[in-house]
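Each residue of the sequence shown is one higher than the last, beginning at 0 in numbering that gives the first Met the number 0.
Cβ coordinates follow ideal geometry from the N, Cα and C atoms, glycine included.
Some notes on the structure that comes next.
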Amino acid sequence: MARKGIPGVLAYIDDFLLVAATRQECNDMLLSLITLLRELGFNISWKKVVGPTQRITFLGVDIDTRNNTLSLGSDKLQQLRQRLLQIRGKKRACKGSFS
């Protein structure tokens, strides 16, 4: 995305997170990204598009730029605890144990 003049983009498969210093920069980046994706033939799921905000959940992580925090919801934490208990005492674990 940076090569196309859209810096501050984190992409994971078909999920995108835009990071900018101001609301206007974020809006400009969002419009540029949407234009690029449409030019490339992507269909935009408009119900999933979120405009500039200081709090969002992205890929299961709660991001709060006001308080500079990242957190997991209680359900995600419980799932992680369960998986950690399952592999406790083992000498090895593959990353698939956590997906």
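When the Cα atoms are used, glutamine 53 and isoleucine 12 turn out to be separated by approximately 23 Å. Here leucine 58 is not near aspartate 27, since their CB atoms are 8 Å or more apart.
Beta-bridge partners assigned by DSSP to arginine 54: Asp63.
Of the candidates Gly50, Lys75, Ser31 and Pro51, the residue whose Cα lies closest to the Cα of aspartate 61 is Lys75. Taking the Cα positions, leucine 35 is about 20 Å away from arginine 22. Spanning the alpha carbons of valine 49 and leucine 9 requires a straight line of approximately 15 Å. In the three-state scheme derived from DSSP, where H, G and I count as helix and E and B as strand, serine 31 is classed as helix.
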